[in-house]
Amino acid sequence: MALSKAPAVSHVRVDEGSAGQRIDNFLVRECKGVPKSHIYRILRSGEVRVNSRRVDQTYRLQLGDELRIPPIRVAEKEAGPAIPVGKPFDILFEDEALLVLDKPAGLAVHGGSGVSFGLIEQLRRQRPEAKFLELVHRLDRETSGLLIVAKKRSALTVLHDMMREGKVQKRYLTLVAGRWLNPLQHIKLPLFKYLTEGGERRVCVNPEGKPSHSIVRLLKRWQAYSLVEVELKTGRTHQIRVHLSHSGFPLCGDDKYGDFALNKRLEKEGLKRMFLHAAKLSFHHPLTDQLIELSASLPAELEEFVVAVEQAGQREYG
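All residue numbers for the sequence shown refer to the working numbering, where the first residue is 1040 and numbers rise by one.
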């Protein structure tokens, strides 16, 4: 790796996209490739100035702040694989503060953990003029459906608070193995995150885990399968998958917590992905307080499988 030429002192004016961000996080993003330890060192030494004054790493940037960033020599890294522009995403709502899109299955929401790029990197590639695009929440790679992206930091901050306070209603559709009996059922089981020996992230029901609450509504039931809607009252990792699997109703096509023998059979019958779709979102706009209610239909491959199940067996419910 070669060292890049040391740049001159740079001066940056804080725009709306960076206002409210901690200065250490801003510098990590602004000075790509610079170790965090060096970022903190130049902050402590006073080499970074905001409006000609020293600040510590907890300082939150204000709109219009003038930053002085000292010259930094950075080791140039080899360029990673190019991010393809890809097919434009299906946008269901957009204004100056946020957008909501219908995420396709099979695409990670962001790069990392062996994935060179994800939806957010591709969206930024499609919109090079956008100053700020950040995920408000996440969906598993194989989950399709509604996903919120913030276009302003002020909107992101409020939406994160709303998520924590349970003010964003999220409902998912899933097909599970087995005959779900109750028209309405609350599942309250604590979820605990851990890593497997191979380093993969997993979740299990454990008294030491975080409180988690799902509300399950039965939509249709056949002899071997049930179509249910799951409302999340908390947003834990893999919550729906673990709550339903622990209850004896694994998600069809789930390769982590599902019935693996059943999944192989389902694949031959046409279901080649996990049956989980973020179908409905309801929340008040973070800046205008307007009520936003959105829905996304089942993708064709899931709708076709439901039709096949319907034709194969007599419906018992719904």
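Note that beta-carbon positions come from the ideal geometry of N, C-alpha and C, so glycine has one too.
Residue 1343 lies in the beta strand (DSSP E); which residues open and close that run? Residue 1343 -> not in any beta strand (DSSP E); alpha helix (DSSP H) instead, spanning 1339-1351.
Roughly how many angstroms separate the alpha carbons of residue 1064 and residue 1073, rounded to a whole number? 12 Å
How is the alpha helix (DSSP H) around residue 1060 delimited, first residue to last? Residue 1060 -> no alpha helix (DSSP H), and no H or E assigned at all.
Hey, residue 1265 and residue 1288: beta-carbon distance below 8 Å or not? yes
Paired residues, beta bridge with residue 1208 - DSSP: 1321
Taking 7 Å as the cut-off, is the C-beta of residue 1068 nearer than that to any heavy atom in the ligand ATP? Absent from the structure shown: the ligand ATP. Ligands present: none.
I'd like to check one pair, residue 1254 with residue 1225: are the Cβ atoms closer than 8 Å? yes
Please go through the same chain and pick out, in chain order, the residues whose beta-carbon is closer than 6 Å to the beta-carbon of residue 1044, but skip the five residues on each side of it. Note that residue 1044 scores 46 on pLDDT, short of 50, meaning its location in the model is unreliable and no value can be drawn from it.
Using a Cβ-Cβ cut-off of 7 Å (strictly less than) and excluding sequence neighbours within five positions of residue 1049, which residues of its own chain qualify? 1108
Would you check if the distance between the CB atom of residue 1347 and the CB atom of residue 1292 is smaller than 8 Å? no
Taking the continuous alpha helix (DSSP H) assigned at residue 1242, which residues delimit it? Not the alpha helix (DSSP H): residue 1242 falls in the beta strand (DSSP E), residues 1240-1244.
Beta-carbon contacts of residue 1128 that lie in its chain and below 6 Å, excluding the five residues immediately before and after: 1140
Starting from the Cα of residue 1325, find the closest Cα among 1298, 1248, 1098 and 1189 and give me that residue. 1189
Whose C-beta lies closer than 8 Å to the C-beta of residue 1223 among residues of the same chain, with five residues either side of it excluded? 1254, 1255, 1256 and 1257
Just the C-alpha distance for residue 1232 and residue 1098, rounded to the nearest angstrom, thanks. 32 Å
When 1294, 1350 and 1175 are compared against residue 1145, the one with the closest alpha-carbon: 1294
Kindly indicate which three-state DSSP category residue 1042 falls into: helix, strand or coil? Here the model assigns residue 1042 a pLDDT of 41, short of 50, so the residue's position is not dependable and the matter cannot be decided.
May I ask you to report which of helix, strand or coil DSSP gives residue 1139? Of the three classes helix, strand and coil, the one that applies to residue 1139 here is strand, per DSSP.
By the three-class DSSP mapping on this structure, what secondary structure does residue 1158 have? helix
Please report the residue range of the alpha helix (DSSP H) in which residue 1200 lies. Annotation for residue 1200: the continuous alpha helix (DSSP H) segment containing it runs 1192-1203.
For residue 1124 and residue 1161, I'd like the C-alpha separation in whole angstroms. 6 Å
Could you tell me whether the Cβ atoms of residue 1196 and residue 1103 are closer together than 8 Å? no
Continuous alpha helix (DSSP H) stretch holding residue 1299: start and end: 1299-1307
Buried/exposed call for residue 1084, threshold 16 Cβ in 10 Å: exposed
What ranges does the alpha helix (DSSP H) occupy inside the stretch 1074-1128, keeping only unbroken runs of at least 4 residues that lie completely in it? 1075-1083
Look at the Cβ atom of residue 1142, then the Cβ atom of residue 1178, and state whether they are nearer than 8 Å. yes
Check the DSSP bridge columns for residue 1252 and list the partner residues they point to. 1227
Quick one: what does DSSP say residue 1286 is sitting in, helix, strand or coil? coil
Which residues in the same chain as residue 1191 place their Cβ atom closer than 8 Å to its Cβ, once the five residues preceding and following it in sequence are excluded? 1055, 1056, 1135, 1136, 1137, 1171 and 1326
Determine, using beta carbons only, whether residue 1349 comes closer than 8 Å to chain C. In the displayed structure, chain C is absent; only one protein chain is listed.
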